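Asks: Chains as they are written, first to last, in my numbering: chain A, 1 to 669; chain B, 670 to 786; chain C, 787 to 1363. Below you will find the structure I want to go over with you.
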Amino acid sequence: MQDIPIYEFTLLGWIALLPLLGAIFNGILGARLPRALVSTVAAGAMGVAFILSIVAVWTLFQGRFEGADGHTLYGALYHNVFTWFEVGSLRVDFELLLDPLSAVMILIITGVGFLIHVYSIGYMEGDRSWWRFFTYLNFFVFAMLMLVLGDNLVVLFLGWEGVGVASYLLIGFWYEDDEKASAGKKAFIVNRVGDFAVLLALFLLVIYAGSLSVVELREWASTLSPAQVTALGGVLTAICILLFIGCTGKSAQIPLFVWLPDAMAGPTPVSALIHAATMVTAGVYLIARLNFLFVLSPTAMTLIAVIGGLTAFFAATIGVVQNDIKKVLAYSTVSQLGFMFLAVGVGSFFAGVFHLMTHAFFKALLFLGAGSVIHGMHHEQDIRRMGGLKDYMPITRWTFLVGCLAIAGFPLFSGFFSKDEILWYTLANVHLLGGVNLSWFLWFLALGTAFLTAFYMFRLYFLTFEGECRADEKTRSHIHESPLAMTLPLVVLAVLAGFGGFVGIPPVLGNALGGLPNVMHDWLYQVIGPGEAFFAYRFEGYGMAWMSMAAATASGIGGIALAWLFYGKPSDVPGAMAEKAAAVHRILSNKYYVDEFYAATVGRGVTLLGRVCHRLVDELLIDTLLVNGTARLMGFLGSVLRVVQNGQVQRYVAFVFLGIAIILYLVLR
Amino acid sequence: MIDYVAILMLGLVGVAMCATVVALSVLFGPRNPSRWKGTAYESGSEPFGDARIRLDVKYYMIAISFIMFDVEAVFLLPWAVVAKDYGAYGFVVAMVFVTILVVGLVYEWQKGGLEWD
Amino acid sequence: MSSLITPIDIASTLPFIVLCLFGMVVLLLEVFQRQGQSRSYLAYVSAVGFATAAFSAWLLMGVEGQLVFHDMNYIDGFSKVTALLMCTAGAVTCLIAPRYLAELNADRGEFYALILFSAGGMIMMVSAADFIVFFMALELMSIAVYALAAYVRSSRVAAEAGFKYFLMGAFASAIMLYGIALVYGATGTTNLAAIGQLLSYGAASGSVDPALLLSKVSEQGALAGAAGYDTTTGDLLMLNYGSGTANMPLLYLGITLVIVSAVFKVGAVPFHMWLPDAYSGAPSPVGAFMASAVKAAAFASLLRLLALAFFDYELRMGPMGWVQVTFFLALLSMAIGNLVAIAQTSVKRMLAYSSIAHTGYMLVAITAMGYGVGDLDLGASVVFYLFAYVFGTVGAFGILAYLTRSRYYVERFSDLNGLGYRYPALGVAMTLFMLSSAGIPPTAGFIAKFQVFKAAVIAYGAGVEAGEPGALLLLALVVSGILFSVVGVYYYLKVIVHLYMRDPVREVTASDSGPARVGISVCAIATLVIGLFPGPLLNLSEQAMSQMEGRHDGVYVQYEDGAPIEDLQRLMREGSR
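Okay, here's the thing in structure tokens:
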């Protein structure tokens, strides 16, 4: 492959630094400053960062040139902030790198982030810890920018952990509520489980590749001969799977998805920014970033595709029966993330990133819309007590409808293009698992998910905005449209969600419309091209592509139609259905009992182990079994202190002797 | 091995001297046994009862002070023997040692460690 | 005269001398001051003492590594870097102490003197070149700390802690002495490097001509326990080490006892029983000192012992090698430390158990260092870890001391409730310490854990390459280590949760002590700065290991010509003196 030129570009440092400065400023002074200033600083830092991002991406675009294989390449911009540490042969630079992939990411992060900051000014108006909120939010953006801009995987990991911390702080933002605080803790700990795998993968990379810099890793991967790849097969698969485990934690995939629905405890703008548009997509980004590595391990790729597909489907089924407006969106996020993993798993990194982008638009829009509804309904979140809101909140309603159409894949809305790409590549690329080609299985899974997605999203829409208002009198009298600070971001996002898809027109359509280019794909080619080259179409011509697109469109519209039948007009079908299939309904509304399963096994297991160790080793083994005399004294709880003073040291000594004896036995046996 | 014969001789002579003196006193000394003379410590109190009694911490303080001076003597005596050979260098080194001990003594003194009550 | 003390001797022990001088000055200042007057200024005097000692250690950086004081001490990169570590820990301890002691009505100057003497002992211990000096320094350090643990005489808990610590410590010392005696019996020398060289001779015998060896030794007529005359034939015999060591249970018993005694001080499971009682019972500043400086000194000296004396392949990896011992100790310490910490309700006890867990992580690196062909440079990760650990631990204990008011101990998690908002700076500092202990970037703890586990993975890679058996076990150790550190996040996070997400149960007012604030800030800033710019410290730790004098490098010592033999004989002569 061709060498990619890299240019120094100091401005990159500022893009990341600005949100950090905002966070520090508000963190230290925020409590004492007027609200207007706090929010201006926070949103202002984001706005300037967004402008700088555009400048940076424009600079990158200006440097384009034609590569050896006829594709347009853009090179990359870098800025070495400092050398973080250097141990032996391993050198970790705190180096920021902007290439077409991270360019897409920073535009999403700063752009959508800016809108959400503006929105938060309206949404968080009444909150007393207003400054804290903006501090955390700015800090999150900083960490997220580290994640996507870091050239070195250790820097990426720094951001990876940083967004975890920020997400933890923001989920538990209303910590007075115990449930919310523990939701934050749950998210953090589940994420740490995934992080350990990432760390292991990094170690393996250090050993085998000798570097953690993405640029150098890419070079290393490209110089591996097929024989070497075969020899390293196990290791490569291990690295990829370990990385993917980290992704399942961060991006809420099976089996570590349980934290995301709980994370809805955070303020709604947080859900929109972190748990829909940016942080949770970090896993997809990581795989796209390291595509050259993943393609070397077909096993890992297939695993990713299967897990992605299954997550997409199962989360969608759970979404069908949720009644909390944010929970529906949460499961829909899990499901859409599954779609993205399906895409990268089947080797279409472009489709994954493309869907990531459109999803960022429409899901942020949907969450903010939901936030607007919650705001207007005075923190009512149950859709069974909503309805008919279209008259009260017209802007919210129309923008929300755009979001729903986009996610349902209604033709020409953004989701339509990206989802179609995923379905097509799922079908067209070959993924073998034990000699069986999974293409059709995954395709049907994705198709089913698309249908369910359209169904539950429009169930949500109809129950919320159409029909009669089911809220009580008092609430109803207060329902109002949200202030401009909130509706403006909605409108902007609605435009993006509506038309954002046209940057990635699939070849089948582009061809039919007279050679329209797939702008997005061309832009990303430099990063993902080599990876995608590993996969080849199974089908000749566009016939199957048309079929796939038609099926996707049909299932989307079918879902919408079914939702309209059930919920668009007064009907008792859903209730009857729920009664008929009571068992299924129960399982679904309890989310397949995954939470309970984890609590019963992992959670309780660890706590139990701690207690057992304490009891068994410290109390039982030493107290009771080792020294009988002191054990009897343990009964006299009244003289605990005496027991402590008389007994324990002897017991300790006895224990030490036992330890030495065991070691000597082991050593000298 | 021949070097050690002298030490052996010294030991033997020492034992012999002690034995001789004790034997002479047993043979020729006058004897008027009384109850008080028969006690273990003629002027002290009779030790009886459990050995695990609590002793006043003051005894330990004195014992520690004693050890301090004792150790000082142990080190200074050999030094005194060769002091001339080592000259000023030896003197300075010994004084450093003594100074450290003096600091300890000053500390103990000021803390009241040398007063019985 | 041969026994003269040279200027380089004095200069190289300057950090030790400075600390002892300051200790004596503090003692005298204490007694010549009227009762009832505040002794807080002695904290500054001691801090200046530590700064001076650290400065002198830094001045010595340029001095070439060598043996001093008649081969009893080393002055080398390792001793200097670790001296910096002890001085930092000691200085911060002195800063967090004064207000705490005043609150507890125990404002006496002896505290600072004991800290200074103890730190002096530590510096001597890590620079020892001989078991005799090593043991003496160990006792100097320990006895001072025994007294410190029981320092608050009015507190029964503290007295109990001191008593236990003393008993167990004395016990450990006895074991150490026994081990040293056995090693001496087997090798005939107490000189660490000489032991190392002697014990690797057998391994080298494949590459060396035994006849040459014998002739060289007999020419000089060197006699040590390791070489002796056959009484019947009058021939000079060399004990056949290497393959022969397998038949020397006494030697292995000695080595095992020495290692056991060393891990006793660092609190590795199953020799950890005293640790929670001692750390949590002792006054918080003393707890800080024990957890940081004492543990760091013990680890550093363990590194020194292993690197100099017991680094022969057979001793490490043989059927009776110590790698398997450290392996199990590491695994157990990580498991028990992390799991039992979860069940604690007292922050101090949690910190104590977490300190056991940290011991486990560091033992992973030591295991890695000794694994396979053996790479002493991997020990640098331990040195780095110690730095990160010292700042985090002293800081956390310091905050507990800072919050303690007269007779009111801040102990339970619930005592920390809501403090993050009442004292924002304190909250941030504590959060940093907890994140660092949990190993979350961008704190020092993350880099430290990264280094330690990386060391183990590198050793695994080298082991696989060399075809060592059981390399996979090492990888398993790393995996379990990382998993246990995930478990650890739970209880560190608990502190943060209490700081920010719980309503105060009870009014806790900070003591508002100026020096303590300085000490805690130093720790917090260091934790963050090391996390962000670990480069210089990493280099320093690397230097510490690579410039360790007398270290036993590689597996086999190549004796091509007579030079190393003469070196050996010199050491043997001096060792047998």
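For every residue, glycine included, the Cβ atom is placed at its ideal position computed from N, Cα and C. From a predicted model like this one, the values you see are computed outputs, not experimental measurements.
1. What do you reckon, are the CB atoms on residue 71/A and residue 425/A nearer than 7 Å?
2. Check residue 743/B in the structure and name its three-state DSSP category.
3. Which residues, in order along the region 66 to 91 of chain A, keep a beta-carbon less than 9 Å from a beta-carbon of chain C?
4. Residue 185/A touches chain C at which residues, Cβ-Cβ below 7 Å?
5. Could you list the residues in the region 771 to 786 of chain B with a C-beta less than 7 Å from some C-beta on chain C, going in chain order?
6. Would you say residue 196/A reaches chain C, if we count a Cβ-Cβ gap shorter than 7 Å as a contact?
7. Measuring straight from C-alpha to C-alpha, what distance separates residue 132/A and residue 1196/C?
8. Using the rule of at least 16 other Cβ atoms within 10 Å of the residue's Cβ for burial, across every protein chain shown, is residue 686/B buried or exposed?
9. Along the chain, which unbroken stretches of the alpha helix (DSSP H) at least 4 residues long are found entirely within the region 24 to 73 of chain A?
10. Taking 7 Å as the threshold (beta carbon to beta carbon), is residue 1059/C in contact with chain A?
11. Measuring CA to CA, which of 314/A, 427/A and 271/A is closest to residue 345/A?
12. What did DSSP end up calling residue 914/C once you bin it into helix, strand or coil?
13. For residue 83/A, which of helix, strand or coil comes out of DSSP?
14. Per DSSP, what are the beta-bridge partners of residue 677/B in this structure?
15. Report the three-state DSSP secondary structure of residue 1327/C (helix, strand or coil).
16. Counting only beta-carbon atoms, is residue 209/A nearer than 7 Å to chain C?
17. For residue 1027/C, which of helix, strand or coil comes out of DSSP?
18. Report yes if the C-beta distance between residue 312/A and residue 335/A is below 7 Å; otherwise report no.
19. Ignore the nearest five residues each way along the sequence and tell me which others in residue 508/A's own chain have a CB closer than 7 Å to its CB.
20. Could you tell me whether the region 388 to 395 of chain A touches the region 470 to 490 of chain A, using the rule of 3 or more Cβ pairs below 8 Å?
21. Assuming contact is defined by CB atoms lying nearer than 7 Å, are residue 19/A and residue 142/A in contact in what I supplied?
22. Going by DSSP, what residue range makes up the beta strand (DSSP E) through residue 852/C?
23. If the cut-off is 8 Å on Cβ atoms, which residues from the region 931 to 946 of chain C count as contacting chain B, listed in chain order?
24. Name the two residues that bound the continuous alpha helix (DSSP H) containing residue 889/C.
25. Could you list which residues in chain A have their beta carbon closer than 7 Å to that of residue 827/C, in chain order?
26. In the DSSP assignment, find the unbroken beta strand (DSSP E) run with residue 192/A in it and report its ends.
27. With distance defined between alpha-carbon atoms, name the residue in 409/A, 289/A and 666/A nearest to residue 105/A.
28. Hey, would you say residue 804/C sits closer than 7 Å to residue 832/C, going by beta carbons?
29. Please identify the residue among 184/A, 81/A and 176/A whose C-alpha is closest to the C-alpha of residue 155/A.
30. Using the beta-carbon count (16 or more within 10 Å), is residue 1088/C buried or exposed?
31. How many Å lie between residue 452/A and residue 405/A at the Cα?
32. Closer than 7 Å by beta-carbon distance: list the chain A residues that pair up with residue 1269/C, in chain order.
33. Could you confirm whether any beta carbon from chain A is found closer than 7 Å to the beta carbon of residue 1320/C?
34. If you follow the beta strand (DSSP E) that residue 92/A is in, where does it begin and where does it stop?
35. Which residues, taken in chain order from the region 167 to 185 of chain A, show a beta carbon closer than 7 Å to some beta carbon of chain C?
36. Label residue 379/A either buried or exposed according to how many other C-beta atoms from any shown protein chain fall within 10 Å of its C-beta, with 16 as the threshold for buried.
Replies: A quick look at the data gives this:
1. Here residue 71/A corresponds to residue number 71 of the first sequence, with the count starting at 1. Here residue 425/A corresponds to residue number 425 of the first sequence, with the count starting at 1. With contacts defined by Cβ atoms closer than 7 Å, residue 71/A and residue 425/A do not form a contacting pair.
2. In the second sequence, counting from the first residue as 1, residue 743/B sits at position 74. Correct three-state label for residue 743/B: helix.
3. Within the region 66 to 91 of chain A, the residues whose Cβ lies closer than 9 Å to some Cβ of chain C are 82, 83, 84, 85, 86, 87, 88 and 90, listed in chain order.
4. Position 185 of the first sequence, counted from the start, is the residue given in the question as residue 185/A. By Cβ distance, chain C contributes 1279 and 1283.
5. Cβ contacts with chain C come from 772, 775, 776, 779 and 780.
6. Locating residue 196/A in the first sequence gives position 196, counting from the first residue. Interface with chain C (7 Å Cβ-Cβ cutoff): residue 196/A is included.
7. Walking along the first sequence from the start, residue 132/A turns up at place 132. Walking along the third sequence from the start, residue 1196/C turns up at place 410. Here the alpha carbons of residue 1196/C and residue 132/A stand approximately 27 Å from one another.
8. For the purposes of this step, residue 686/B is identified with residue 17 of the second sequence, where counting begins at 1. So residue 686/B ends up on the exposed side.
9. Runs of the alpha helix (DSSP H) inside the region 24 to 73 of chain A: 35 to 62.
10. In the third sequence, residue 1059/C corresponds to position 273, counting from 1. Chain A contact via Cβ: present.
11. For the purposes of this step, residue 345/A is identified with residue 345 of the first sequence, where counting begins at 1. Checked all of 314/A, 427/A and 271/A; the closest Cα to residue 345/A is 427/A.
12. Position 128 of the third sequence holds residue 914/C. Look at residue 914/C here: in three-state DSSP terms it is strand.
13. Indexing the first sequence from 1 puts residue 83/A at position 83. Strand, per DSSP.
14. Within the second sequence, numbered from 1, the residue matching residue 677/B stands at position 8. Per DSSP, residue 677/B has no beta-bridge partner at all.
15. By 1-based counting over the third sequence, the position of residue 1327/C is 541. Looking at residue 1327/C - three-state DSSP - the assignment turns out to be helix.
16. If you number the first sequence from 1, residue 209/A lands on position 209. Residue contact with chain C for residue 209/A: absent (no Cβ-Cβ distance below 7 Å to any residue of chain C).
17. Residue 1027/C sits at position 241 when you count from the first residue of the third sequence. Note that residue 1027/C has pLDDT 42, beneath the 50 cutoff, so the model's placement of it is unreliable and no number is given.
18. Counted from its first residue, the first sequence places residue 312/A at position 312. Counted from its first residue, the first sequence places residue 335/A at position 335. Contact: yes.
19. Sequence index remark: in the first sequence, residue 508/A carries index 508 (1-based). Once the five neighbours on either side are set aside, the close Cβ partners of residue 508/A are 542, 545, 546 and 549.
20. When C-beta atoms of the region 388 to 395 of chain A are compared with those of the region 470 to 490 of chain A, three or more pairs fall below 8 Å, so the two segments count as touching.
21. Residue numbering aside, residue 19/A sits at position 19 when the first sequence is read from its first letter. Residue numbering aside, residue 142/A sits at position 142 when the first sequence is read from its first letter. Cβ distance < 7 Å, so residue 19/A and residue 142/A count as in contact.
22. Residue mapping note: residue 852/C aligns to position 66 of the third sequence, counting from 1. Residue 852/C -> beta strand (DSSP E) spans 852 to 854.
23. Listed by position, the residues of the region 931 to 946 of chain C near chain B (Cβ gap below 8 Å) amount to none.
24. Here residue 889/C is taken as the residue at index 103 of the third sequence, counted from 1. Going by DSSP, residue 889/C is part of the alpha helix (DSSP H) stretching over 863 to 889.
25. Numbered from 1 along the third sequence, position 41 holds the residue referred to as residue 827/C. At a C-beta separation below 7 Å, residue 827/C has no neighbours in chain A, since its nearest C-beta there lies roughly 32 Å away.
26. Taking the first sequence and counting its residues from 1, the one referred to as residue 192/A is at position 192. For residue 192/A, there is no enclosing beta strand (DSSP E); the residue is found in the alpha helix (DSSP H) stretching over 178 to 209.
27. Start at 1 with the first residue of the first sequence, and residue 105/A comes out as number 105. When C-alpha distances from residue 105/A are compared across 409/A, 289/A and 666/A, the shortest belongs to 289/A.
28. If you number the third sequence from 1, residue 804/C lands on position 18. If you number the third sequence from 1, residue 832/C lands on position 46. Cβ atoms of residue 804/C and residue 832/C: not closer than 7 Å.
29. If you number the first sequence from 1, residue 155/A lands on position 155. For residue 155/A, the nearest C-alpha among the options comes from 81/A.
30. On the third sequence, position 302 is the one that residue 1088/C refers to. Buried is the call here.
31. Against the first sequence, residue 452/A aligns to sequence position 452. Against the first sequence, residue 405/A aligns to sequence position 405. Approximately 13 Å, taken between the alpha carbons.
32. One-based indexing of the third sequence puts residue 1269/C at position 483. Here the neighbours are 196.
33. Within the third sequence, residue 1320/C is the residue found at index 534, counting from 1. Chain A, which has a Cβ nearer than 7 Å to the Cβ of residue 1320/C, makes this yes.
34. Position 92 of the first sequence, counting from 1, holds the residue named residue 92/A. Per DSSP, residue 92/A is one residue of the beta strand (DSSP E) stretching across 90 to 98.
35. For the region 167 to 185 of chain A, the set of residues with a beta-carbon nearer than 7 Å to any beta-carbon of chain C comprises 172, 175, 181 and 185, in chain order.
36. Residue numbering aside, residue 379/A sits at position 379 when the first sequence is read from its first letter. With fewer than 16 neighbouring CB atoms inside 10 Å of its own CB, residue 379/A falls in the exposed class.
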